[in-house]
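Below is one structure, written out as structure tokens; comments come after it.
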Amino acid sequence: MKIVAANSAPAVQVEPVEAPPIGDARPPAPPAPEAPEGRSPLLWIVIAAVVLLAAFAVYKFATRAPATTPTTLATATRSDFVRTLRVNGTVEAVSFHSVAAPRLSGPGSGALVVMRLVGSGTRVKKGDVLVEFDRQNQIKNALDRAADLVDLEQQIRKMQADHAVARAVDSTALKQAEVNMQTASLELRRNEIVSKIDAEKNQQTFEEAKATLDQLRTTFELKLKARAAEIRSLEIQRDRAKAAMEYAQANTERLLIKSPIDGIVVLNPIWKGGQMGEVAEGDEVRPGVPFLQVVNSNAMQVRARVNQADIAQLRQGERVRVGLDAYPELNFPGTIDRIAAIGVTSNMSQKVRTFQAVFAIEGSDEKLMPDLSAYVDVEVEKLPNVLTVPRDAITWEGSDSYVTTESGEKRKVQLKTYNEQLAVIEAGLDAGAKVRRNGGTR
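Be aware that the sequence shown starts at 7, since it is given in our numbering, and climbs by one per residue.
In structure tokens:
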């Protein structure tokens with residue numbers, strides 16, 4: 007018989023839980039956030055408003071009327087038409103004098119140091135100093151050699167005096183030997199009347215006198231040659247000192263360069279310090295390097311290269327107009343001086359050839375300097391009193407040309423020629439008619 011207690015709680019099963027190891031206690035993980043049930047209605051309202059605004063902007067942009075380009079009108083007028091050919095070149099001097107670092111005579115001619123130099127663009131007169139190099143060594147050398155020259159000349163004069171005295175002594179000794187020889191010869195004639203012993207003495211005296219005379223004659227000539235050699239040795243030293251002095255004096259003069267003509271100084275760039283540059287005071291210049299020019303500004307020219315397609319339009323003696331890129335306000339009249347007969351290949355293509363042309367410039371200006379870039383306008387065609395319109399008023403369709411009148415009418419015209427600015431109307435338009443530029447409104 008089973009006995010059950012009243013109001014007893016139901017039995018609960020308890021599963022065993024494994025305890026974490028000691029020392030590995032970790033904080034419990036936070037509970038995962040609950041997923042939202044749905045987006046906020048306010049967010050949907052904002053998105054819808056942005057979409058509507060974007061659609062409205064696209065609609066307004068698509069339905070906006072196109073902006074009209076303002077129409078510029080030009081009037082067809084009669085005027086003189088000139089078509090020119092422009093070529094670019096470089097200004098150069100017709101007459102100039104190139105100055106190079108001097109080559110010095112004698113030993114020790116290394117690099118030269120510039121002590122004084124006129125600036126580029128300076129106007130100079132004939133005889134003005136252009137450049138002065140360091141001359142101290144050459145001046146000192148000239149003074150030293152001059153002192154040596156004076157000393158050697160004094161030695162030569164003293165030696166000549168000593169030799170004159172020695173020659174007089176030798177001449178006296180030679181004369182005395184000749185007298186002794188004559189006396190011994192006379193005594194020798196008395197041998198027939200003197201004793202045998204005296205005769206032998208006379209013979210011995212004669213032989214001694216003869217030997218002495220022969221010896222003095224021989225040594226006299228040798229002494230003359232030796233003394234002449236001594237004098238010549240000093241004279242050679244003197245001549246060398248004189249030549250060295252003259253070299254040093256000439257070098258001193260070469261190191262001070264003066265202008266041979268009236269003109270303008272132009273400094274040439276040379277290689278110095280690992281790069282190209284103009285010479286300045288304190289720089290070293292190697293002998294023979296041209297670093298300066300004196301140009302005659304009254305005679306200048308422009309040397310340019312002309313494309314083979316344009317060379318047939320140039321004629322020698324034709325009038326031109328020369329302008330300078332650096333000074334747009336300056337321009338000079340001129341003529342075509344020379345045109346090369348043979349073309350040279352271009353750097354860009356072996357098939358394209360260019361011809362060198364030289365244009366003489368008439369007139370001068372202090373700003374007209376060599377190595378300036380210049381342009382030359384050659385008048386290749388001139389038509390007096392012709393009907394012209396701006397070139398941008400012409401439109402082309404194939405080989406036909408048209409203008410658009412003020413009213414918008416498209417009218418075909420016949421062109422005779424044109425340049426960069428104007429077009430000459432030969433038929434199809436009257437003077438005074440107004441046409442639209444840039445082809446009118448499209």
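Positions of the beta carbon are idealized from the N, C-alpha and C atoms, including for glycine.
Quiz prompt | Extent of the continuous beta strand (DSSP E) run through residue 362 | solution = 359-367
Practice problem: Would you identify the three-state DSSP class for residue 420, choosing helix, strand or coil? | Solution: strand
Quiz item: Alpha carbon to alpha carbon, what distance is there between residue 127 and residue 443?
Solution: 47 Å
Practice problem: Please go through the same chain and pick out, in chain order, the residues whose beta-carbon is closer than 6 Å to the beta-carbon of residue 44, but skip the five residues on each side of it. | Solution: Unreliable placement is indicated for residue 44, whose pLDDT of 49 sits below 50; no coordinate value is reported for it.
Quiz item: Quick one: what's got a C-beta closer than 8 Å to residue 36's C-beta in the same chain, skipping five residues either side?
Solution: Since pLDDT at residue 36 reaches only 48, below the 50 mark, its modelled position is unreliable, and the value read off the structure follows with that caveat. For residue 36, where only same-chain residues beyond five positions count, there are no Cβ hits under 8 Å.
Practice problem: Indicate the three-state DSSP secondary structure (helix, strand or coil) for residue 160 in the structure shown. | Solution: helix
Practice problem: Could you tell me whether the Cβ atoms of residue 108 and residue 118 are closer together than 9 Å? | Solution: yes
Quiz prompt | In DSSP terms, what residue 383 is bridged to | solution = 92 and 327
Quiz prompt | Touch test, the stretch 175-182 against the stretch 218-225, Cβ-Cβ under 8 Å, three pairs minimum | solution = yes
Quiz prompt | C-alpha gap between residue 218 and residue 199, whole angstroms | solution = 27 Å
Quiz item: CA-CA distance, residue 240 and residue 164?
Solution: 11 Å
Practice problem: Using alpha carbons as the reference points, say which of 422, 228, 264 and 132 lies closest to residue 173. | Solution: 228
Quiz item: Helix or strand or just coil, what does DSSP make of residue 343?
Solution: strand
Quiz item: What three-state label does DSSP hand residue 373 in the structure shown?
Solution: coil
Quiz item: Using 8 Å as the threshold, is the stretch 251-268 in touch with the stretch 137-151, meaning 3 or more CB pairs across them?
Solution: yes
Exercise. Report the rounded CA-to-CA distance for residue 392 versus residue 274, giving the unit in angstroms.
Key: 50 Å
Exercise. Just confirm the distance between the C-beta atoms of residue 382 and residue 93, as a whole number of angstroms; I'd bet it's less than 8 Å.
Key: 5 Å
Practice problem: Specify, as a first and last residue, the run of the beta strand (DSSP E) that residue 80 falls within. | Solution: 79-81
Exercise. Decide if residue 477 is buried, meaning its Cβ has at least 16 other Cβ atoms within 10 Å, or exposed.
Key: Given a span of 7 to 448 for the chain in the structure shown, any question on residue 477 remains unanswerable.
Quiz item: How long is the line joining the alpha carbons of residue 303 and residue 102, rounded to whole angstroms?
Solution: 9 Å
Self-check item: Nearest candidate by alpha-carbon position, reference residue 230, set 150, 322 and 168
Solution: 168
Quiz item: In the structure shown, what three-state DSSP assignment does residue 398 receive?
Solution: helix
Practice problem: Mind the definition here: the stretch 243-252 touches the stretch 153-162 only if three or more C-beta pairs lie below 8 Å; say whether that holds. | Solution: yes
Quiz prompt | Among 55, 330 and 401, nearest to residue 429 - alpha-carbon criterion | solution = 401
Quiz item: What first and last residue would you give for the alpha helix (DSSP H) that runs through residue 264?
Solution: First-last for residue 264: 262-264, but that is the beta strand (DSSP E), not the alpha helix (DSSP H).
Self-check item: Range of the contiguous beta strand (DSSP E) that encloses residue 433
Solution: 428-433
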